[in-house]
Every structure is written in C-alpha cells, then in structure tokens.
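Peer 1:
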Amino acid sequence: MAEAIIETRGLTKNFRGFTAVSDISIRIEPGTIHALIGANGAGKTTCFNLLTKFLEPSAGSIFYKGRDITHLKPDQVARLGMVRSFQISAVFGHLSALENVKLALQRQRGESYDFWASHHRLDQHRERAMALLVDVGLGQWADTPAAELPYGRKRALELATTLALDPEVMLLDEPLAGMGTEDVGRTAELIHRVAEGRSVLMVEHNLGVVAELCDRITVLARGEVLAEGDYATVSRDPRVIESYIGGARHD
Ligand SMILES: Nc1ncnc2c1ncn2[C@@H]1O[C@H](COP(=O)(O)OP(=O)(O)OP(=O)(O)O)[C@@H](O)[C@H]1O
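If you count the sequence shown from 1, position 124 lands on 105 in the working numbering, and the numbers rise without skipping.
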C-alpha cells in the first residue's frame, strides 16, 4: 500500500468530559477526494479542526506523508502543503478579485511587506493570478471588489487564493454550503478539476455531490468511524442507512 498522504491513529478529542471524536484512525490516500460525512453532531467539524490543527487532540496522532504533525501549528502544516480553504481563507472585500489572488501568491513566496518593493512584485504575480482566476471561472470578475461578488463566485475566489499556495492537500469545510443549485454544480465541477494531481479532504452535507465527486467516504457517528469505502459501499451499509442516510439516500 502506498504511503497515506494523511493518516490518523487513535485520534480523540474530549471537551470537558464529552468525547466528540473517539479513537479515529483514517487514511487519506494520495490523489483521492475523500469526504467526511455523518449526521449533525457526529464529530465531522471537530475531526476536521484536529486535522487542520485548529484543535489540539486529547489523544492520538496525525501523520502527513509519514511525518508526525500532531503538535504542529496550522501555519506550519500549511507550509508543508496542507492548506485549509473555505470559511477561513482571508479574502479582503475591498480589494479586487485579482488583487486578492496576487496577495495570496505573494504570501506563498513568503515575501515580506515592503510597500515599493511589493508593488513591483505584485505586478510580477499579475499573470499567474489572472491564470488562476480564469481557472476558477472568474476571468471576467478580475476587477470586481471581492465584497461585490455573488456568493458562489466568492467561494470560487477563496479556492483561487488557496490554489495560489499550490497545496498538495486541500481541506475543504462544507465547500457547497449555502449555495444555490447552479453554484453547487459549478463548484463541484471546479473542485473536481483542481483536485487533479492533489489530494482533497472535505466535510460535506450534500450527498448527491459526495456520491459524484468523492473516491472515498468516511462516515462518522457519535464521534466514531461507522463505515468507510466508496459511496456504493457505504450507502448500502445498514448501519449507515440506519444512523444517517435513511430517507436522504442518493441512488
Ligand atoms: N468546543 C466544544 N465544546 C464542547 N462540545 C463541543 C465543542 N465542539 C463540538 N462539541 C460537541 O461535539 C459533538 C460533535 O460536534 P461537531 O461539530 O464536530 O459535529 P459535526 O458532525 O460537525 O456536526 P454538524 O454537522 O452539526 O456541524 C457535538 O455534540 C458538539 O456539541
């Protein structure tokens, strides 16, 4: 078996005696889109926050390409190539879409802020930034202030600023939440495209999209792994049907 891109062993998180995540051991294989699903309160967000280092585990370990990252900080894992997008990437509302991506490119190079020098460098990033915007379907929105973008386009911009960091692993927290049908289709297609050559872990409620998009699915229930496999496998699992999918099953 190839080395997992992300692996957890016995990952556990207690909140004052309440166990939100209990002894979770999962493997994210390189080059796959992997979903964490489960009913409300199943522990998805806690698990995601543990993986992205926004929470410290109570017990267990997290490995990135075989390296123990359990006690690293979010910016340290980001520098290793594991980047969290959506609900967290900084998009500056008053700056245009293009300027936002240029800034992200500047950050990726770790360039320090120096007004005159940075102006010059930002210009160097212009071409690459434009290419990224075109990639996420925002070519014609380049000069629009981020705050004025429609909701779905704002999420696409967040994706572009994440891609500017050229991540090896993208962690997406409910990337389709709050979107209308048209945006859902376009964003799912976009995730599929940008996942090429990368690994993606996403928490997502939209099972139709999970079924279409994800290679592997881990189903959580009460903080534990209930089932794991491709959609056909987990959606047939009686425990999954009982605990979660039930009437909302996608065939
Ligand atoms: N900071 C916290 N302090 C105490 N309990 C918490 C904390 N964060 C989460 N929990 C509890 O842990 C459990 C799992 O929550 P979590 O948010 O991880 O679930 P989830 O699967 O993401 O749910 P949802 O789909 O509703 O977002 C819940 O019972 C929640 O109340």
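Where is the CB? At the ideal position from N, CA and C, for every residue including glycine.
(1) Run through DSSP, which three-state label would residue 63 get?
(2) First and last residue of the alpha helix (DSSP H) that includes residue 160?
(3) Quick one: which unbroken beta strand (DSSP E) runs of 3-plus residues sit fully inside the segment 157 to 210? Chain order, please.
(4) May I ask which residues mark the beginning and end of the beta strand (DSSP E) holding residue -10?
(5) Suppose contacts are defined by Cβ-Cβ distances below 8 Å. Is residue 107 in contact with residue 119 by that definition?
(6) Starting from residue 2, follow the alpha helix (DSSP H) in both directions and report where the run begins and ends.
(7) Spatial neighbours of residue -9 within its chain, please: CB distance less than 8 Å, with the 5 preceding and 5 following residues excluded, ordered by chain position.
(8) Compute the distance between the beta-carbons of residue -13 and residue 150, then report whether it is under 8 Å.
(9) May I ask whether a heavy atom of ligand 1 can be found less than 7 Å away from the beta carbon of residue 21?
(10) How would you label residue 154, buried or exposed, when you count the other beta carbons within 10 angstroms and need 16 or more for buried?
(11) So the candidates are 202, 73, 159; which of them puts its Cα closest to the Cα of residue 24?
(12) Whose CA, out of 213, 207, 211, lies closest to the CA of residue 223?
(13) Which of the three DSSP states, helix, strand or coil, is assigned to residue 68?
(14) Taking residue 291 as the reference, which of 140, 15, 35 has the closest Cα?
(15) Residues bridged to residue 18 by DSSP?
(16) Does DSSP classify residue 126 as helix, strand or coil?
(17) Report the rounded CA-to-CA distance for residue 1 versus residue 124, giving the unit in angstroms.
(18) Look at the alpha carbon of residue 81 and the alpha carbon of residue 218, and state the distance between them as a whole number of angstroms.
(19) Alpha carbon to alpha carbon, what distance is there between residue 156 and residue 136?
(20) Counting only the same chain and skipping the five closest in sequence on each side, list residues whose C-beta sits under 6 Å from that of residue 68.
(21) Tell me which residue opens and which closes the alpha helix (DSSP H) that residue 150 is part of.
(22) Quick one: grab the DSSP three-state call for residue 216.
(23) Roughly how many angstroms lie between the CA atoms of residue 8 and residue 166, to the nearest whole one?
(24) Should residue 233 go down as buried or exposed, given a rule of 16 or more other Cβ atoms within 10 Å for buried?
(25) If we count the other Cβ atoms within 10 Å of its Cβ and call it buried at 16 or more, is residue -17 buried or exposed?
(26) Mind checking if residue 10 is an interface residue toward chain B, Cβ cutoff 8 Å exclusive?
Peer 2: Walking through what the data contain:
(1) strand
(2) Per DSSP, residue 160 belongs to no alpha helix (DSSP H) and is neither H nor E.
(3) 180 to 184, 197 to 202, 205 to 210
(4) -13 to -4
(5) no
(6) First-last for residue 2: -1 to 5, but that is the beta strand (DSSP E), not the alpha helix (DSSP H).
(7) 4, 5, 6, 40, 41, 42
(8) yes
(9) yes
(10) buried
(11) 202
(12) 207
(13) Confidence is the limiting factor: at residue 68 the pLDDT is only 48, short of 50, which leaves the residue's position unreliable and the question unanswerable from this model.
(14) The requested residue 291 is not part of the displayed model; the chain covers only -18 to 232.
(15) 200
(16) strand
(17) 44 Å
(18) 44 Å
(19) 8 Å
(20) Below a pLDDT of 50, predicted positions are generally treated as unreliable, and residue 68, at 48, falls in that range; the measurement from the model is reported next regardless. Closer than 6 Å at the Cβ level, and outside the excluded window around residue 68, lie 154.
(21) Counting along the chain, residue 150 falls outside any alpha helix (DSSP H), though it belongs to the beta strand (DSSP E) covering 150 to 154.
(22) helix
(23) 28 Å
(24) A query on residue 233 cannot be resolved here, the shown segment of the chain reaching from -18 to 232 and no further.
(25) exposed
(26) The structure shown contains no chain B; it is built from a single protein chain.
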